[in-house]
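Sequential numbering from 1 applies to the sequence shown in full-length UniProt numbering. We put the CB at the ideal spot given by N, CA and C, even for glycine.
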Amino acid sequence: RVTLEGPAAHPLVPLFQEFIIRNLAVNSGSDAHLADTMIGKAVEHMFETEDGTKNEWRGMVLARAPIMNTWFYITYEKDPVLYMYQLLDDYKDGDLRIMPDSNDSPPAEREPGEVVDSLVGKQVEYAKEDGSKRTGMVIHQVEAKPSVYFIKFDDDFHIYVYDLVKTS
């Protein structure tokens with residue numbers, strides 16, 4: 001019978017710690033790839049309601065939140081306001097599905113230094129169905145989808161997401 005004491009008593013601990021650190025690095029790398037893959041994509045997001053039923057919402061992942069790398073900006077067809085969620089866990093749990101790219105066109109190629117027309121900072125006016133108007137400002141352009149903008153209206157605290165199409 002061999003009895004180990006002192007630092008030699010646990011020779012596998014440093015090895016195990018190194019294994020954990022390596023695995024964490026691999027997982028965070030795959031998370032970063034997954035995060036990059038999600039941005040600009042159409043998704044189906046499953047939510048559980050208070051009564052336990054599940055609702056599926058179609059939406060688009062717009063961008064990663066600055067500084068808070070596990071959080072993403074997302075908007076939904078049912079409610080085009082700006083939401084912020086931690087989507088990686090939902091994806092891993094099967095509650096977020098990235099839709100096939102068949103209808104998505106690749107981003108337009110740009111020359112280095114090319115200026116892209118942007119509406120950021122521009123005042124907007126929105127005509128409601130009842131004929132009334134609301135005014136606001138374009139506050140952000142989505143890099144992954146340059147036709148998509150965040151708009152903050154003067155009479156509302158929400159930030160809305162619109163895909164603005166140029167008309168002649």
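DSSP beta-bridge partners of residue i
i, result
"A144", "A144 pairs with nothing; no bridge assigned."
"E56", "M46"
"A127", "K133"
"G150", "It is Phe, not Gly, that sits at residue 150 in the sequence shown. F150 pairs with H140, V161."
Residue i and residue j closer than 8 Å at C-beta
i, j, result
"M84", "A65", "yes"
"I74", "L88", "no"
"P100", "V161", "no"
"D117", "G136", "no"
Residues of its chain near residue i, where Cβ-Cβ distance is below 6 Å and the 5 sequence neighbours each way are ignored
i, result
"Y76", "W57, G59"
"I98", "K41, V43"
"residue 169", "No answer is possible for residue 169: it lies beyond the span of the chain, which begins at 1 and ends at 168."
"K145", "G40"
"Q86", "T70, W71"
"I159", "L82, F150, K152"
Beta-carbon proximity list for residue i, same chain, < 7 Å, skipping 5 on both sides
i, result
"T49", "N55"
"K78", "W57"
"S147", "D163, L164, V165"
"D36", "none"
8 Å Cβ shell around residue i - same chain, five flanking residues per side excluded
i, result
"L119", "V138, Q141, Y149, L164"
"N27", "Residue placement at N27 is flagged as unreliable, the pLDDT there being 45, under the threshold of 50; the coordinate-derived value follows with that caveat. Cβ within range, chain order: n/a, list empty."
"D90", "H45, M46, L96"
"K133", "E125, Y126, A127"
Reduced DSSP category for residue i - H, G, I as helix; E, B as strand; rest coil
i, result
"E114", "Per-residue confidence for E114 stands at a pLDDT of 45, beneath the threshold of 50, marking its modelled position as unreliable; no derived number is given."
"A63", "strand"
"D163", "strand"
"G40", "coil"
- [ ] Jot down the residue ranges of each uninterrupted alpha helix (DSSP H) in the region 69–95, minimum 4 residues, whole runs only, in chain order.
- [x] Entirely contained in the region 69–95, the alpha helix (DSSP H) runs reaching 4 residues are, in chain order, 87–92.
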